[in-house]
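> This note's numbering applies: residue 1 is where the sequence shown begins, and numbers increase by one. Don't be surprised by glycine CBs; every beta carbon is placed ideally from N, CA and C.
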Amino acid sequence: MATKSSRQTAEAPESANLTTLAQLATASYEALERELRATIAALKDQALRFQTAIENISQGICFFDADERLILCNRRYAEIYRLSPEQLQPGLALREIVERRVAVGTSPMKADAYLPLARAVNSGTASRNWSAVLADGRTIQVCHQPMPDGGWVATHEDISELSANRLVVDERISLQTLIDLVPDYMWVKDTESRFVVANRAIASDSGRDSTSDMIGLSDFDLHAPDLAQKFRSIEQQLMRDGQPMIDEEEFVVDASGTGKWFLSTKLPLRNVQNNIFGLVGIARDITARKRAEILRDGQGHILEMIAKSAPLEDVLEQLMRLVESQLAGIFGSVLLLDKDGTHLRHAAAPSLARDYTDAVDGAAVGPTAGSCGTAVYRRESVIVADIMHDPLWQDYRELARPHGLRSCWSTPILSHQGVVLGVFAMYSMTVREPTEAETRLIDFTTRIAGIAIERKQAEDRIHFMANHDVLTGLPNRALLEDRLSQAVLYAQRYDRWVTVVFIDLDNFKFVNDTLGHNAGDELLKIVASRMVDCVRATDTVVRLGGDEFVVVLFDQPANVALVSETLQKLRAALAEPVQLGAHLVRATASIGIANYPKDGTDPDTLLANADAAMYRAKEFGRDNFQFYAPEFNTRAHEKFVLQEELRNALARSEFTLLYQPQVDLRSGRIFAVEALIRWNHPTLGTIMPTMFIPTAEETGLIVPIGDWVLHEACRQNKAWQDAGLPPLTVCVNVSARQFRERNLIDRIVSALKDSGLEARYLELEVTESLIMQDIELALATMNALQSLGVQISIDDFGTGYSSLSALKAFPVARLKIDKSFIKDLAADENDQAVASAVISLGQNLNLRVIAEGVETDDQVAFLRRNNCDEMQGYHFSRPVCAQDIEELLGGGRTD
C-alpha cells in the first residue's frame, strides 16, 4: 500500500507540474496569440498602407513570384490594360493575364509570341526598361526589376500623350530646322498679319538675331509705313477672299538698307471647319534676275535711244543710272576727250555732286592725272582702291575728300578702231577694288558708251558733210538756204539789209587744167580761208561747188558804200598771190551782189539775182563786181530759153553750114573753104555762132554739134569732088571742149569713113589759147591727127601767148592772123607790126600764113607787100551755101 501511496504521493507533484506547464503553455500561447494577432494587425495595417500607397501611384505596378503568378497589382495596372480589378486576382498565372489582355486588345502581340519575350526578360538579373506599343495604338513604358527569389516587380506607364507631345515638339524642331535651311523667305502669319512662324532668312534680313524674335511682329515693325500698309492690305484682302496670291513681284528694303526684289506667293490657312485662321507665305529673292532684266531692258532702251539719235547727254545719263541701279554705293561718270585730245569734259554724272564734277571738268590727260586722265594716257584701265593714299590722286584727292569718294576705277572708252573717245569711271564710298561682277559691268558700260559716242560722232560727221563742203569745210548749198532765211527774217524785224555776194573765180579752170586737180583743190581751200577772214563771225561763206562761192553778209546797214568796202576787201584778199608748189598764181573773181529788200525779199530771188549780177561782171571782162539790175534777169531768162532750144536744135535739123572761101594771094585760086555753122531758128530766123556757141560750150552741147559739123563738112566736100569740082580743103573749127574729148580721133576717123573723104582734104582749126592750156596733150593729139593725114591750123593767132619752142614742135600747116589785127591794118601801125611779125614768123617756121577778115583793097595790098600767103574775108566772098561754092569754083580766081 505504501508503495501505492508512495506512487500516489509521487504522482501528485507531477500532476501539479503538468498543470503548471499547461498554464504556462496556455499563458505563453495566449501571449504568442496576442503577439501574433498584434503582428497580423500590424501587418494588415502595413499592408493596407502599402496597398493604399500602391493604389495611389499613377503608374501601374505588378508583383510576380518565381512561378509567374501574380502576387499583387494596383488598380492603375488594370486600367492601363483595360481590365477590371476582379480580373486580376492574386495567384493568376502570367499566361492567363496575357490572354485576358489579348482578349481586350491591350497586348502588343499574341500570347504565344509575348510570353517567350517576357520570360527572356524575367530570367535576367538586371533591370530593363522598354516601350511597348499596344494593339490599340497606345504606348506603354515598362520598368522591370528582378527579385532575389526569382520573381519580379514592374511598373507600367501609359506615355502615349507624352510621346505625341514629344513628337510635336520634335516635329516643330525638325520643321524649324528644315525651313531655316531654305534660302527663301518662309513664314506663317495669323489673321492680324502677325508672324507666327518665320525662318532664318527673313529673320536675318529683318535684322533679328533668331527666328523667335520674329514671333508676334508685323510688317509695320519691319518696313516703312507705306510699304507695310501695302503688304497688310494685300494680306487682309487675301484672308477675306480666300484667293491666293501667286508669284507676285514685291520690292522691299532690308535692315541693311539694301533694296531687294522678291517673287512672293501667299496662301490662306484653313482649319478643319474650313475657316481661315492665317496665311502661309514664301518669297524667293529674284534681285539678281531682276537686275539682269533691268540691265537687259535698260540696255535695249539705251540702244533704242542710240538708234533714234537721242542726244548723247541723255544716252550717257541713262547709261549711268542703269549702272547705278545694278550696284549699291556706286556712282557712275563719263568724261569725253575734247578735240585737242588733252583734256576731259564731263558728259554724264547724275549722282555725283555738282561741285565735284565742275571742279574736275577739263582735267588734263597725263601720267599722274587721277584715275581718268591716267587711264586715257595709258589707254588701259586704272584701278585706284584708295584715293586718299594713291599718288595718282595727289592733285585731286582734296576735291574728292569732302564728298566721301574713296575709290575710283576708270576705263578708257575706245572706238572700234582703237581711238580713245573718253573714259568711264566708277566711284565708291569705300576703300576697295571692283568685284568680278562690277568688272563685267564696267566692260559692258564702256562698250555701250563707245557705241553711243561713235554714233554721235558719225552723225555729227554726216550732218557736217550734208551741210558743209568736204574740201573747204565751208557750209554748202543745203545750209545756205537756212542761213539766208534766218538773215532775211532778222532784217525784216530790224529794218536792216542782207547782202548776197555771188563769187566765181575767173581763172580756176586754167589752174586746174595746167597745174592739176591737187593744185586746184589747194587754191580753193586758200581762197575759202581768205574769204572767211574777210567777213564777220555772223556772216556766212558758202561753197556752192566747183569755183563758185556765196557770201551772206548778215545784219547790214542800208548803205551801199559800206557794202562796197567789204567787197573791195574780198577782192583784194582774193587777188593776193597764192603759192602752188613751184608756181605763184593770182586768183581773180567775178562778183555779183544782190541786196535785201531792194533786189529780192526771199532767199531764192536774192540768190538768182546775185547770180545774174555775177554773170554781168563776167561780161564786163571779169575781175570786177556788179550790183544787181533788173535787166540782168531778162538776159538770164533769155539765156535759159536759148539753152533749152539749143538742146532740141540738132534733133529738129535746125543747123546748117555756110562756107567761106580761102584764097591764095599770089594765084587768086580758091584752095579751101571754112565751114561756118548757122542756126535757122524757127521763130528768130538765122542766129549767128557768137550768139549760141558760148552757151553750147557751157552746156557741153558743143560736142554733138561739133560732131554734126564735122560729118556734114566732110560729106559736102566729098559731094563736091564727086560732082567733078576741083579738090579743095574744108576747114572745121574744133572747140576746146571737143579737143579734150578722149575719142576725138575716133570721131574724126568716123566722119572721114562715113563720107569717104580723104584725110588730106580735111583741116582742123584750133585756137592758140587752146593748145597752150595743156601742151603735152595738144602735141599728142596733133601728132595723131597728122598721122591720119589731117591738116592742122592755128586760128586767131596773135590773140594769145605761144611759146616759140612749143609752136616749133607742133605739126601745124598754117597760121591764121586774127581779124582783130586786120580790121585797121591800113592805118594802125601797131596792127601792121603784129601782122608783119606773124607773117615773118610763119615764113621762118615754114608755115603758110592766112589773114582772116580781109574786106578792103588796102588790106589786100598790105598783105601782098608783106608776102602773106592767103586771105579770107568779105573782100572775096561772104560765107555762102554749098551751091554758091560750086559756082565760085567755076570761076575760081580773083585779082
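Can you pull the DSSP bridge partners for V153?
In the DSSP output, where bridge partners are listed per residue, V153 has F63, Q145.
> Three or more C-beta pairs closer than 8 Å, one from the segment 779-790 and one from the segment 815-835: is that the case here?
Segments in contact, no.
> From the DSSP secondary-structure annotation, give me the bridge partner or partners of G278.
Answer by DSSP bridge pairing, in chain order: D190, L269.
> Decide if S939 is buried, meaning its Cβ has at least 16 other Cβ atoms within 10 Å, or exposed.
This structure gives no information on residue 939, because the portion of the chain shown stretches from 1 to 895.
> Just the C-alpha distance for T287 and W261, rounded to the nearest angstrom, thanks.
Each residue's alpha carbon lies about 5 Å from the other.
> Whole-angstrom Cβ separation of A672 and T729, contact assumed at under 8 Å?
Indeed they touch by this definition, with Cβ atoms about 4 Å apart.
> Please work out which residues of its chain come closer than 8 Å, Cβ to Cβ, to E235, disregarding the five sequence neighbours upstream and downstream, and give them in chain order.
Taken in chain order, the residues that qualify are K189, S193, K266, L279.
> Hey, P268 and L238 are a contact pair by Cβ (cut 8 Å); roughly how many whole angstroms apart?
Right, their Cβ atoms sit about 6 Å apart.
> Starting from the C-beta of T258, find all residues in its chain whose C-beta is less than 8 Å away, skip the five residues before and the five after it, and write them out in chain order.
A328, listed in sequence order.
> When burial is assigned at 16 or more other CB atoms within 10 Å of the CB, is Y356 buried or exposed?
Per the 10 Å Cβ criterion, buried.
> Would you list, in sequence order, the uninterrupted alpha helix (DSSP H) runs of no fewer than 4 residues that lie entirely inside the segment 186-248?
Whole alpha helix (DSSP H) segments, 4+ residues: 200-205, 225-241.
> Roughly how many whole angstroms lie between the Cα atoms of A349 and C408?
C-alpha separation (whole angstroms): 14 Å.
> Just to confirm my understanding: we take I282, look at its own chain, exclude 5 residues before and 5 after, and list those with CB closer than 7 Å. What are they?
The answer, listed in chain order, is D184, Y185, M186, T265.
> So with Cβ pairs under 8 Å, would you call L392 a contact of chain B?
No chain B is present in this structure, which holds just one protein chain.
> Counting along the chain, where does the beta strand (DSSP E) carrying P661 start and finish?
Per DSSP, P661 belongs to the beta strand (DSSP E) from 655-664.
> By alpha-carbon positions, which one of A696, I503, E293 ends up nearest to D623?
The residue with the shortest Cα to Cα distance from D623 is I503.
> Can D136 and T106 be called in contact, C-beta distance under 8 Å?
Yes, the Cβ-Cβ distance between D136 and T106 is below 8 Å.
> Going by beta-carbon coordinates alone, are L335 and G422 separated by less than 8 Å?
Contact: yes.
> Please determine, among N733, T781, N783, Q716, the residue with the shortest C-alpha to C-alpha distance to E758.
Answer by Cα proximity: Q716.
> For I61 versus Y81, is the C-beta distance shorter than 8 Å?
For I61 and Y81, no; Cβs fall outside 8 Å.
> Note down the Cα distance separating A575 from A589, rounded to an integer number of angstroms.
Computed Cα separation, rounded: 8 Å.
> Once the 5 residues before and after H403 are set aside, which same chain residues still bring their CB inside 6 Å of it?
Excluding residues within five positions, the ones whose Cβ falls inside 6 Å are A353, Y356.
> Identify every run of the alpha helix (DSSP H) within the segment 809-834, keeping only runs that are complete inside it and at least 4 residues long; order them along the chain.
819-822, all fully within the segment 809-834.
> Roughly how many angstroms lie between the CA atoms of T540 and I387, to the nearest whole one?
Distance between the alpha carbons of T540 and I387: 50 Å.
> Quick check: I794 and V834, are their CB atoms within less than 8 Å of each other?
No; because the gap between Cβ atoms is not below 8 Å, this pair is not in contact.
> Could you name each continuous alpha helix (DSSP H) segment of 4 residues or more that falls completely within the segment 76-125, going from the start of the chain to the end?
As far as the segment 76-125 is concerned, its whole alpha helix (DSSP H) runs of at least 4 residues are 94-104, 111-122.
> Hey, how far is the Cα of E317 from the Cα of S333?
If you take the alpha carbons of E317 and S333, they lie about 9 Å apart.
> Under the DSSP definition of a beta bridge, which residues are partnered with A558?
In the DSSP output, where bridge partners are listed per residue, A558 has none listed.
> For L474, name the three-state secondary structure that DSSP assigns.
DSSP places L474 in coil when its eight states are reduced to three.
> Could you please give the first and the last residue of the uninterrupted beta strand (DSSP E) stretch that includes M429?
Where M429 is concerned, there is no enclosing beta strand (DSSP E), given that its DSSP letter is neither H nor E.
> Roughly how many angstroms lie between the CA atoms of A224 and L489, to the nearest whole one?
Approximately 59 Å, taken between the alpha carbons.
> Whose C-beta lies closer than 8 Å to the C-beta of G685 among residues of the same chain, with five residues either side of it excluded?
So no residue of the chain qualifies.
> Do you know how far the Cα of L650 is from the Cα of W679?
Approximately 10 Å between the Cα atoms of the pair.
> Output needed for N129: all residues of its chain with C-beta closer than 8 Å, excluding positions within five of it in sequence on either side, in chain order.
These residues qualify, in order along the chain: Q141, V142, C143, H144.
> Skipping 5 residues on each side, what residues in its chain have a beta carbon closer than 8 Å to that of H875?
Same-chain partners within the cutoff: V854, E855, T856, D857, Q859, V860.
> Can you check whether the CB of Q662 is closer than 8 Å to the CB of L676?
For L676 and Q662, no; Cβs fall outside 8 Å.
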